[in-house]
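Asks: Chains R and S, in that order, give the protein sequences. Numbering-wise (the UniProt record's numbering), the first sequence opens with residue 1 and increments by one. Numbering-wise (the UniProt record's numbering), the second sequence opens with residue 1 and increments by one.
Number of protein chains: 2
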Amino acid sequence: MKLVSPGAAAANTNDMSDKAGEDLVRIGEMAKKYGVTLRTLRFYEDKGLLNPQRDGSTRLYTRRDKARLKLILLGRKVGFSLRDVKQMMDLYDPTGSNTKQLRLALDKSEKQLARLQKQRALIDDAINELSNSMAAVRQMLSERAAPQASVAG
Amino acid sequence: MKLVSPGAAAANTNDMSDKAGEDLVRIGEMAKKYGVTLRTLRFYEDKGLLNPQRDGSTRLYTRRDKARLKLILLGRKVGFSLRDVKQMMDLYDPTGSNTKQLRLALDKSEKQLARLQKQRALIDDAINELSNSMAAVRQMLSERAAPQASVAG
DNA sequence: TATAGAATTGACGTAAACGTAAGGGTGCAC
DNA sequence: GTGCACCCTTACGTTTACGTCAATTCTATA
Chain R
1 MKLVSPGAAA ANTNDMSDKA GEDLVRIGEM AKKYGVTLRT LRFYEDKGLL NPQRDGSTRL
61 YTRRDKARLK LILLGRKVGF SLRDVKQMMD LYDPTGSNTK QLRLALDKSE KQLARLQKQR
121 ALIDDAINEL SNSMAAVRQM LSERAAPQAS VAG
Chain S
1 MKLVSPGAAA ANTNDMSDKA GEDLVRIGEM AKKYGVTLRT LRFYEDKGLL NPQRDGSTRL
61 YTRRDKARLK LILLGRKVGF SLRDVKQMMD LYDPTGSNTK QLRLALDKSE KQLARLQKQR
121 ALIDDAINEL SNSMAAVRQM LSERAAPQAS VAG
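(1) Could you list which residues in chain R have their beta carbon closer than 9 angstroms to that of residue 87/S, in chain order?
(2) Under a CB-based cut-off of 9 angstroms, is residue 60/S close to chain R?
(3) Using the three-state DSSP reduction, which class does residue 137/S fall into: helix, strand or coil?
(4) Which chain S residues sit within Cβ distance under 7 angstroms of residue 77/R?
(5) Hey, does residue 81/S have any beta-carbon neighbour from chain R nearer than 9 angstroms?
(6) Find the nearest neighbour of residue 68/R within the set 81/R, 76/R, 49/R and 55/R, judged by alpha-carbon distance.
(7) Note down, in chain order, all residues in the stretch 109-124 of chain S with a beta-carbon under 8 angstroms from any beta-carbon belonging to chain R.
(8) What separation, rounded to the nearest whole angstrom, lies between the Cα atoms of residue 84/S and residue 22/S?
(9) Provide the residue span of the beta strand (DSSP E) that contains residue 40/R, from first to last.
(10) Closer than 9 angstroms by beta-carbon distance: list the chain S residues that pair up with residue 135/R, in chain order.
(11) Cutting at 8 angstroms between CB atoms, please list the residues of its own chain near residue 38/R, excluding the five before and the five after it.
(12) Could you check the C-alpha separation between residue 131/R and residue 52/S for me, to the nearest Å?
(13) Report back the beta-carbon spacing between residue 99/S and residue 144/R to the nearest angstrom; my notes put them in contact at under 8 angstroms.
(14) Helix, strand or coil, according to DSSP, for residue 125/R in the structure here?
(15) By the 10 Å Cβ neighbour count, where 16 or more other Cβ atoms means buried, how is residue 105/R classified, buried or exposed?
(16) Taking DSSP as the reference, what is the three-state secondary structure of residue 59/S?
(17) Who are the Cβ neighbours of residue 61/R in its own chain at under 6 angstroms, not counting the five residues just before and after it?
(18) Return helix, strand or coil for residue 25/R, following the three-state DSSP convention.
(19) For a quick check, are the C-beta atoms of residue 72/S and residue 92/S less than 9 angstroms apart?
(20) Measure from the alpha carbon of residue 124/R to the alpha carbon of each residue in 88/S, 78/S, 47/S and 59/S, then state which is nearest.
(21) Tell me whether the beta-carbon of residue 74/S lies closer than 9 angstroms to the beta-carbon of residue 129/R.
(22) Report buried or exposed for residue 135/S, applying the criterion of at least 16 other Cβ atoms within 10 angstroms of its Cβ.
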């Protein structure tokens, strides 16, 4: 059951072997495609976030895995923990309306948004304080004839 | 050599015992005064950031320690690592102009400022992405008659 | 067939700044 | 003389998301 040879994989992302549009890729290509390491993919699998097929011991990622990985990376980008991402994805039911999942996602998103805004406020604070300190230090450097007014004791 | 009894410490921060204006406080008062835990103060000492006197085994913090702690907390607030803070403080020389120290502080500050600005940009990005996602989820919740257009696979 | 390039599992290591528990000492108010 | 409040040191634990070996196996190609 040959699926995607390394060479072919590098040259051609689409492969019409096997069933129509199965588009299976191995871990190396997957990693390259999404800018993550092999370790990361295995780690996500270990944490139950991904579930690639196997050809013997070799992982084969499907379209579905790619969609999930995209979501994981989006979640990561907006600051969700992998645990949160998992919680949300675990609620997915291909046969339902997924109202619960969407509600949970929205709920978590609101909280995360609040966290992000708080963080931004903290960073703005920090930027201001730091700027002030820098101005002070520049002052001291420019008048460094009065040594006793230095930083720290 | 009694310095500050627990009761007296709670009632009176200034103590004129011993030499003039020595103002020694024990770890508990110090912690309360600056909103940190005992563990934190001991940790900072362990890392070489503080160097309180001792009365036997009991730590006694001087005016100097307070100044240093203030600097540590400021550094922490603006996002410096303790290692950075230490580096800067270690350059302090009470007999010199401290030009080197000030220059290092300025240099590190510039870099930290850049980091903070980058962080802010990342957070802004995250906020935008998250807001978009939330809008999409709200959409899907409002039209949840089309189950196939859900999140994750 | 030899070798290089993928892939596998397993498991310890890392960073930062403390938290927390264990076990013990000192002094003083009652 | 004891019970608190405070202090001490030592040392392992926490968190998150992987990094970094190590030892081995698979497989395609020259």
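Idealized CB from N, CA, C, for every residue including glycine. A quick note: this is a predicted structure, and the numbers were derived from the prediction, not measured.
Replies: Considering the structure as presented:
(1) What residue 87/S touches in chain R: nothing, since even the nearest Cβ is about 11 angstroms away.
(2) no
(3) helix
(4) 126 and 129
(5) no
(6) 49/R
(7) 109, 110, 112, 113, 116, 117, 119, 120, 123 and 124
(8) 29 angstroms
(9) Element bounds for residue 40/R: not the beta strand (DSSP E) but the alpha helix (DSSP H), 38-46.
(10) Per Cβ cutoff of 9 angstroms: no residues; residue 135/R is ~10 angstroms from chain S at best.
(11) 27, 28 and 31
(12) 30 angstroms
(13) 6 angstroms
(14) helix
(15) buried
(16) strand
(17) 25, 30 and 52
(18) strand
(19) no
(20) 78/S
(21) yes
(22) exposed
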